[in-house]
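Below you'll find the structure, written out as structure tokens, and then a few comments.
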Amino acid sequence: MSALASREPVAQPSLSLEIRDVSHQFDLGGSRLPVLDAVTLNVDAGEFVALLGPSGCGKSTLLRLISGLDTPSSGAILADGEAIRRPDPSRILVFQDPTLFPWATVQANVATGLEARGVLRAQRGRVDEALALTDLTAFAKAYPHQLSGGMAQRAALARALVNDPKLLLLDEPLGKLDSLTRLTLQEELVKLWRRRGFTAVLVTHDVEEALLLAGRIIVFSERPGRIKAEFKVDKGYPRRRDDPEIVALRREILGTLGLKT
Amino acid sequence: MSEAIRTLDGGRATSVPAWLGHVWEGSWKQGLFAAFTWAATALVTVALPDVVPWGSAGLFAKITGGGAIVFVALALLFPLLGRSGARLAHYGPWFIAIGVWLALWELTTAKFGWLPKPFFSPPHGLLNVYVTDGPRLLICIGYTLRLWGLGFLGGISVGYVLGVALGWSKKFEYWGMPILKLIGPVPATAWIPVTFYFFPTTFIASIFIVALASGIPVAILTASGVASINKSYYDVGHVLGASDWYLIRKIAVPGSMPHVFVGLFMGLYYSFAVLVVAEMLGARFGLGWYIQFETAYSGYANVYATLLIMAVLCSGVVRLLFVGRDRLLIWQKGFIS
């Protein structure tokens, strides 16, 4: 289980993120739709930050920009002080849908990153470790359509973790799961993050999820997304959802989002 | 008989009939009925004289009679056959129908001569073609398979590579797609006159025609398959550090497979159609040529015999492609056996 964690120490397991005055627009055939408006945010190495906001506020777009899949219309994003220009396996994005390749077995899916970089032969053991870590060893040879929603999302996590990312970008990875699976995977995510020490940025619109997982919660406004408020969650893990401090914070955050409880 | 058994076996006279009854109960009734229809065919074939001698009547009767014996054996041993017995039973009505069909065929052609003579041949007439002209037919099969194999494999290889390029590269698509869309719908047979002029031999021209017929649907469907792959798969690939070449090999190629197989099936059917036409026009051997040649001599039995060979060959190839598809697309929902 801890094999992946105790692997030869990576120079640094995490990276710091600097988002400087980033604005972004979508090109809609002539007209331009602003989605992000002057977002400035620093994330320390090893931190777990949650981005919270109404749907369509541009938080998923921000993740795509950090991953390097898209380039911001203006502003800059730096990882460890270096500008992000293209995707890199040190920064891995996990999507809301598992997006496993349906034609490949779970094992082959998890191996994708290593194979793509030509290191699979030398590091094949890591695939098995990642499968064990996400409790999928028995399903190594299964095809994605044979998996439940929770298993598929765990496989997507394994596919990300096998690359030892310094930054894990999570785009509502638990959004489509049933509530029980969700709770289990939330716990597993925290465990993985604490064990591996990567930096994590989680996009969610579930206040409770943000409170249970993150050390800091950034609340976004409606589109075009702007940072509206920031909350620190100074609380050890595992957290309880009925903890009075958590409950109080929850009320406060919902208030910022314009909801009364 | 029962007296003898009674004396041999004391009081257990009923044991033998009971055993027989057991066999009868467990037997495959439709198999017995099929045996009956096949035996009737054999009987009709030898018992009644042919209006014109077609040859091989004796051999045909032996084959159908042998079939009847096999059906009796299978019917009686049915309880021991297990799963393969169930498969056999599924086709029971077919076996019966084939026997009936063969008997009627014999009666209407060879025996009573009801159907016009040069155009209709009895089943043993077809058999006689295989017996007397077998070697030449084998050569023709060889020639046809060679032409089809070279044309089809060449066509789908080029079509596939072209399709991947068209689906993958915007520039390729810009220049290639309009041309493909313009030329694609032209029936490959329309090219025959020009190709026979362009190519040094009719053989190479025929290969080209078959390749064209099979390649175009593969190219079009591969292109649409590659283009229709969910873009987020490529995002995943990019995030995980994949190169373009890796994305093509590991995402575009497997992801487009369901479309590619549709193109392969279309190409396969087109290739058969064009193959025979090409052979009829300029080949020296081959099944298409053979049909053409025998028609000129009113050898209709030979024509039917050849059509039967073609039916078996073509459906065999189609079956092969299905097997290939089921293996390669095992990852699709509903394909799991």
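Chains as they are written, first to last, in the numbering used here: chain A, 161 to 421; chain B, 4 to 340.
We put the beta carbon where it would ideally sit given N, CA and C, even for glycine.
Within the segment 231-285 of chain A, the complete alpha helix (DSSP H) segments at least 4 residues long are 266-270 and 272-276, listed from N- to C-terminus. The beta carbon of D403 of chain A lies closer than 8 Å to those of K395 in the same chain, with the five residues before and after it left out. For H184 of chain A, the three-state secondary structure derived from DSSP is strand. A Cβ-Cβ contact shorter than 8 Å links I237 of chain A with I244 of chain A. When secondary structure is reduced to three states using DSSP, G385 of chain A falls in the strand class.
Residue state for D331 of chain A is assigned as strand, using DSSP reduced to three classes. DSSP places P20 of chain B within a helical segment (H, G or I) once states are collapsed to three. Under the three-state reduction of DSSP, S246 of chain B is assigned to coil, being neither helix nor strand. In this structure, the straight-line span from the alpha carbon of A292 of chain A to that of A360 of chain A is close to 21 Å. DSSP lists no beta-bridge partner residue for E176 of chain B. Only residues of its own chain outside the window of five on either side were considered, and among them T192 have a CB closer than 6 Å to the CB of V280 of chain B, listed in chain order.
Close to chain A, meaning a Cβ-Cβ distance shorter than 9 Å, are the following residues of the segment 212-244 of chain B: N233, S235, Y236, D238, V239, G240, H241, V242, L243 and G244. Collapsing the DSSP output to three states places T200 of chain A in a strand. Put simply, the CB of S227 of chain A is near chain B, with a gap under 8 Å to one of its CB atoms. Using a CB distance below 8 Å, the part of the segment 242-269 of chain B facing chain A consists of V242, L243, G244, A245, S246, Y249, K253, I254, P257, G258 and M260, ordered along the chain. Going by beta carbons, F199 of chain B and T205 of chain B fall inside the 8 Å limit. Under the Cβ criterion of 8 Å, K32 of chain B is not counted among the residues facing chain A. In the three-state DSSP reduction, T294 of chain A falls in the coil class, being neither helix nor strand. Not a single C-beta of chain A is nearer than 8 Å to the C-beta of W57 of chain B.
In the DSSP assignment, L150 of chain B falls within the unbroken alpha helix (DSSP H) covering P126 to W171. Straight across, the Cα-Cα distance linking F186 of chain A with P194 of chain A is about 6 Å.
The count of Cβ pairs closer than 8 Å, one atom from the segment 300-310 of chain B and one from the segment 118-137 of chain B, reaches three, so the stretches are in contact.
Looking at the DSSP output, T205 of chain B shares a beta bridge with no other residue. For the segment 329-364 of chain A, the continuous alpha helix (DSSP H) assignments of 4+ residues that do not extend past its boundaries occur at 339-356, in sequence order. For V379 of chain A, the enclosing beta strand (DSSP E) has its first and last residue at R376 to F380.
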